[in-house]
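Report on the following structure.
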Amino acid sequence: MEALLHQVLAGLATGGIYASLALALVMIYQATHLVNFAQGELAMFATYFAWTLINAGVPYWPAFFATVAFAFVLGVVIERVVIRPVENAPVLAVVVVFIALLVILNSVAGWIYSYTIKTFPSPFPTGGVFGTKLLSPHELGAIGVTLVVLVLLYLFFRFTPLGLAMRAAAQNPDSARLVGIRVGWMLALGWGLAAAIGAVAGMMVAPIVFLDPNMMGGILLYAFAAALVGGVDNPWGAVLGGFMVGVLENVLGAFVIGNELKLAVALTLIIGVLVVKPSGFFGKVFVTRV
Amino acid sequence: MAALLEVSNLHAAYGLTRVLHGISFAMQEGTITTLLGANGAGKTTTLRALCQMVKTEGEVRFAGARIDRRATEDIVRLGIAHVPDGRGTFVNLTTEENLRLGAYARKGRAGVDDDLERMYDYFPRLKERRAQQAGTLSGGEQQMLAVSRALMLRPTLMLLDEPSFGLAPLIVKELFGILRTVNAKEKVSMLVVEQNAAMALELADHAYLIETGRVVLSGTADDIRRNDNVRRSYLGY
Numbered sequence: 001m002e003a004l005l006h007q008v009l010a011g012l013a014t015g016g017i018y019a020s021l022a023l024a025l026v027m028i029y030q031a032t033h034l035v036n037f038a039q040g041e042l043a044m045f046a047t048y049f050a051w052t053l054i055n056a057g058v059p060y061w062p063a064f065f066a067t068v069a070f071a072f073v074l075g076v077v078i079e080r081v082v083i084r085p086v087e088n089a090p091v092l093a094v095v096v097v098f099i100a101l102l103v104i105l106n107s108v109a110g111w112i113y114s115y116t117i118k119t120f121p122s123p124f125p126t127g128g129v130f131g132t133k134l135l136s137p138h139e140l141g142a143i144g145v146t147l148v149v150l151v152l153l154y155l156f157f158r159f160t161p162l163g164l165a166m167r168a169a170a171q172n173p174d175s176a177r178l179v180g181i182r183v184g185w186m187l188a189l190g191w192g193l194a195a196a197i198g199a200v201a202g203m204m205v206a207p208i209v210f211l212d213p214n215m216m217g218g219i220l221l222y223a224f225a226a227a228l229v230g231g232v233d234n235p236w237g238a239v240l241g242g243f244m245v246g247v248l249e250n251v252l253g254a255f256v257i258g259n260e261l262k263l264a265v266a267l268t269l270i271i272g273v274l275v276v277k278p279s280g281f282f283g284k285v286f287v288t289r290v
Numbered sequence: 001m002a003a004l005l006e007v008s009n010l011h012a013a014y015g016l017t018r019v020l021h022g023i024s025f026a027m028q029e030g031t032i033t034t035l036l037g038a039n040g041a042g043k044t045t046t047l048r049a050l051c052q053m054v055k056t057e058g059e060v061r062f063a064g065a066r067i068d069r070r071a072t073e074d075i076v077r078l079g080i081a082h083v084p085d086g087r088g089t090f091v092n093l094t095t096e097e098n099l100r101l102g103a104y105a106r107k108g109r110a111g112v113d114d115d116l117e118r119m120y121d122y123f124p125r126l127k128e129r130r131a132q133q134a135g136t137l138s139g140g141e142q143q144m145l146a147v148s149r150a151l152m153l154r155p156t157l158m159l160l161d162e163p164s165f166g167l168a169p170l171i172v173k174e175l176f177g178i179l180r181t182v183n184a185k186e187k188v189s190m191l192v193v194e195q196n197a198a199m200a201l202e203l204a205d206h207a208y209l210i211e212t213g214r215v216v217l218s219g220t221a222d223d224i225r226r227n228d229n230v231r232r233s234y235l236g237y
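Structural data, given as structure tokens:
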């Protein structure tokens, strides 16, 4: 029983990371109806940036916030420079751009930092929490950080004029322009925010999976599964989906299928959801009259 | 007196389909002007062209300055509020969020809450629905919302695209009454596009008749109403 509880809690910790990345995917999806395949690599790249700072002697938390800011700027710049020119291009063209970004970021990271695996520090102390071994301090900390990010995002989108403008621009670009919202910049801002969320996810997962240019590959798959399970147009669904996928993956991996087949859980979920309920559990069903 | 809005030789096209063929008209500050015409005459396109929502050629001057090469969102910032065809409701946002967005381009947040209350005074129905998703509002309520959202900008000029479309006659009457009040009290100039020519001529001071992307007749609303061709073709008696 304790073993199961341990796996569930550990699942929640990684689930929070999937939830963050899934949320980043959903943010871009809501605005553009496209899934950003490079979201994971952006997070990986930002994590390397944090690693560089920490190795240069910058304390963890200043490095953390500097990385979030760096990722935000990187996201905005990529949107302005790379995505904007293909704004009105066919879907496939944009998808190819996303894949190119994925490959480029991955290779550049490998080129600068090499492909050898590096350790990444956790800001949380080692040892048991509350006298139990159920949850490591890093896992507990990661859950906490995820929740803080989610609350901040909620407050931003719900209560600030800029957050409202971003929602409006994603929902109805034409009307948004008519009330004076600079829709193009809102998109860039969305990219920046998504990249910043991804950076947090990257820094939280790096102590667990270690730092290397391919570290986000599997995690992006779980995030896809999370977004799909929750409904790719519903941020709350994506978050819930993230936690669900995390727990499912961990419990199944530990007791049923073994660690080697864990990734198959994500793939099975993706295919299962697409076949059975393409809109996800909390997504909107779109009916088009033809 | 210089014209508030001056349009000369304006062309517009959707892709290869040309819709406006050199339309010209002007309107004075403080007035209500209406563009009349049948389906497909280019009324909606004219309004969209003024806001640069379609590709245009020709000249548009607002308060003397050219605006025909500016972006839609910048034109809005000059104080031109557009109540678009189809109302442009943000369906997943609440009524109040829709209204607050109307004030987005205003400089500073001062007076936004007061204006919100003013809109609720004009349209008490919106106050009842303030926390409701705007997509669940009835057609009439959404039209009221579209008009109040535009007013939240505190515009100098308001462009109204078929405000009576799909509304019950009683609601149209209420809405046009409020438009008249806003025009008189808040000195908001209005350019109204309407299919309901009788209602529009009653509201407006000045009218232009458009056929296939050109102005074919213009005059005061009274003159236009008395014109035999207009009476037969557009007023139906």
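Line order of the protein sequences matches chains A and B.
Each residue of the first sequence is one higher than the one before, counting from 1 in our numbering.
Each residue of the second sequence is one higher than the one before, counting from 1 in our numbering.
A virtual CB, placed ideally from N, CA and C, is assigned to each residue, including glycine.
It should be emphasised that the depicted structure is a prediction, and the values quoted were computed from it without experimental measurement.
Taking Cβ-Cβ distances shorter than 7 Å, what residues in chain A pair up with residue i?
i: V76 of chain B; result: L178, V179, G180
Determine, using beta carbons only, whether residue i comes closer than 7 Å to chain B.
i: N88 of chain A; result: no
Here's a check: name, in chain order, each residue in its chain whose Cβ is nearer than 7 Å to the Cβ of residue i, leaving out the five neighbours to either side.
i: G37 of chain B; result: K43, L209, I210, E211
i: S164 of chain B; result: V172, E194, N196, M199
i: A24 of chain A; result: Q39, A194, I197, G198
i: P173 of chain A; result: V183
i: R87 of chain B; result: Q142, Q143, A146
i: I181 of chain A; result: A165, A168, A169
i: H206 of chain B; result: M27, T31, T33, T220, A221
Does the beta-carbon distance from residue i to residue j come in below 7 Å?
i: L240 of chain A; j: G230 of chain A; result: yes
i: A199 of chain A; j: A46 of chain A; result: yes
i: R149 of chain B; j: N98 of chain B; result: yes
i: V54 of chain B; j: R61 of chain B; result: no
i: V245 of chain A; j: A226 of chain A; result: yes
i: A184 of chain B; j: A204 of chain B; result: no
i: A22 of chain A; j: A223 of chain A; result: yes
i: K118 of chain A; j: L211 of chain A; result: yes
i: A3 of chain A; j: N250 of chain A; result: no
i: E41 of chain A; j: L105 of chain A; result: yes
i: R130 of chain B; j: T95 of chain B; result: yes
i: M190 of chain B; j: M158 of chain B; result: yes
i: N234 of chain A; j: G283 of chain A; result: yes
i: A142 of chain A; j: M204 of chain A; result: yes
i: Y18 of chain A; j: G237 of chain A; result: no
i: A43 of chain A; j: A201 of chain A; result: yes
i: P213 of chain A; j: G110 of chain A; result: yes
i: V19 of chain B; j: T45 of chain B; result: yes
i: V256 of chain A; j: G15 of chain A; result: no
i: G280 of chain A; j: L228 of chain A; result: yes
i: G79 of chain B; j: P155 of chain B; result: yes
i: L160 of chain B; j: V192 of chain B; result: yes
Could you name the residues of chain B that residue i contacts, counting a contact when the two beta carbons are closer than 7 Å?
i: A168 of chain A; result: F90, L93, L101
i: N172 of chain A; result: G88, F90
How would you list, in chain order, the residues of chain A whose beta-carbon sits under 9 Å from the beta-carbon of residue i?
i: Y104 of chain B; result: P161, L164, A165, A168, A176, V179, G180, I181
If we cut at 7 Å on Cβ distances, does residue i have a partner in chain A?
i: T238 of chain B; result: Outside the shown range of chain B, which is 1 to 237, sits residue 238 of chain B, and nothing can be said about it.
i: E97 of chain B; result: yes
i: H11 of chain B; result: no
Just to confirm my understanding: we take residue i, look at its own chain, exclude 5 residues before and 5 after, and list those with CB closer than 8 Å. What are they?
i: F70 of chain A; result: A46, F49, A199
i: V76 of chain B; result: C51, H82, A105, L153
i: F90 of chain B; result: E97, N98, L101, A134
i: V82 of chain A; result: V97, L101
Skipping 5 residues on each side, what residues in its chain have a beta carbon closer than 6 Å to that of residue i?
i: V291 of chain A; result: Because chain A spans 1 through 290 in this model, residue 291 of chain A falls outside it and cannot be assessed.
i: S122 of chain A; result: H138, P207
i: Y60 of chain A; result: P123
i: E57 of chain B; result: H11
i: F37 of chain A; result: F98, I99, L102
So who's on the other strand from residue i, going by DSSP bridges?
i: K55 of chain B; result: B:A13
i: M27 of chain B; result: B:L5
i: T34 of chain B; result: B:V192, B:A207
i: L217 of chain B; result: B:L209
i: Q133 of chain B; result: B:T94
i: H21 of chain B; result: B:H11
i: M158 of chain B; result: B:A81, B:M190
i: F62 of chain B; result: B:L5, B:A65
Under 8 Å Cβ-Cβ, which residues of chain A neighbour residue i?
i: H82 of chain B; result: L178
i: R149 of chain B; result: V179
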